[in-house]
Amino acid sequence: MVKISNRRERKKRDSKNAIIEAAVTLFAQKGYNDTSIAEIMSEADLGLGTFYNYFQSKEEILKHFLAEITLNINQSYTKLLQEPRPAAEVLSEMFLLTGRILDQNRFVLPLFLSAAARGAGGKPHAPSPGRLTFKSIFLSIIQDGQAKGEFRSDIPAEVITEMFHAVFQAASFSSLDIGFMENIEYKLKIILTGLAAGGRQPG
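Its first residue numbered 7, the sequence shown is counted upward by one per residue in our numbering.
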């Protein structure tokens with residue numbers, strides 16, 4: 007009985023993963039709006055009705071995928087915290103990691119930006135894999151840099167954190183003849199230069 011139950015659970019897991027993988031492939035190829043549930047299930051080689059055993063809509067798949075991205079970002083952040091590093095280095099690595107993930111999965115960018123906007127401000131929680139939002143992670147890094155004297159403290163950490171959200175948004179709509187990653191790398195250099203302690207401008 008246990009073997010049958012385990013086999014059933016494994017089949018459910020495999021079917022769900024197949025749907026997610028098919029959806030991600032089609033979202034990347036055709037775009038989220040131009041992909042139908044029927045096309046997703048055809049790509050997954052599963053019956054149309056099977057879709058609703060796991061998801062209620064395409065958006066639910068997108069949210070599930072975004073949750074996986076958030077988990078990956080959290081795991082990377084937790085790993086970086088295990089050894090002493092300058093806050094600027096942690097900030098750069100996390101920013102570029104997030105940028106690469108978004109660049110490879112551009113279809114999730116609108117939902118990511120919306121989720122990041124909703125997660126603005128507030129006190130950061132203790133680092134815990136899979137629980138910190140994008141903004142909570144960056145807010146924690148910036149506050150840590152300010153506390154250590156690495157980053158200027160005359161500007162609220164919450165305001166600085168919002169800039170990183172704005173960078174991804176601006177790069178995604180940029181009309182410049184450069185790639186997404188090159189665009190955000192230039193902007194990162196500007197932000198880090200302005201963040202450096204001692205960069206206070208006369209008022």
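In this text, a Cβ means the ideal position worked out from N, Cα and C, and glycines have one as well.
Computed from a predicted model, the values in this text were never measured in an experiment.
Cβ-based burial, residue i [other Cβ within 10 Å; buried from 16]
i	result
residue 134	With a pLDDT of only 45 at residue 134, under the threshold of 50, the placement of this residue in the model should not be trusted, and no figure is reported.
residue 114	buried
residue 196	exposed
residue 39	exposed
residue 166	buried
residue 104	buried
residue 36	exposed
residue 130	Summary for residue 130: the model assigns pLDDT 41, below 50, so the residue's position carries little reliability; its value from the coordinates is reported in the next sentence. The residue in question, residue 130, is buried, as its Cβ has 16 or more Cβ neighbours within 10 Å.
residue 152	buried
residue 184	exposed
residue 182	exposed
residue 138	buried
residue 5	Residue 5 falls outside the range modelled here, since the chain spans only 7 to 209, and no answer is possible.
residue 203	exposed
residue 41	buried
residue 23	exposed
First through last residue of the alpha helix (DSSP H) which encompasses residue i
i	result
residue 79	64-86
residue 142	140-153
residue 106	93-110
Simplified DSSP assignment, three categories, for residue i
i	result
residue 203	coil
residue 55	helix
residue 49	helix
residue 90	coil
residue 192	helix
residue 183	coil
residue 162	coil
residue 12	helix
residue 128	Since pLDDT at residue 128 reaches only 43, below the 50 mark, its modelled position is unreliable, and the value read off the structure follows with that caveat. Three-state result, residue 128: coil.
residue 39	coil
residue 113	helix
residue 1	Only positions 7 to 209 of the chain appear in this structure, which leaves residue 1 out of reach.
residue 20	helix
Residue(s) in a DSSP beta bridge with residue i
i	result
residue 157	202
Take every Cβ of the stretch 138-152, pair it with every Cβ of the stretch 92-109, and state whether three or more of those distances are shorter than 8 angstroms.
-> yes
Counting Cβ pairs, one atom from each stretch, are 3 or more of them under 8 angstroms apart for the stretch 78-93 and the stretch 162-176?
-> no
Could you tell me whether the stretch 24-32 touches the stretch 43-50, where touching means 3 or more Cβ pairs closer than 8 angstroms?
-> yes
For the stretch 62-81 against the stretch 155-162, are there 3 or more C-beta pairs whose distance is under 8 angstroms?
-> no
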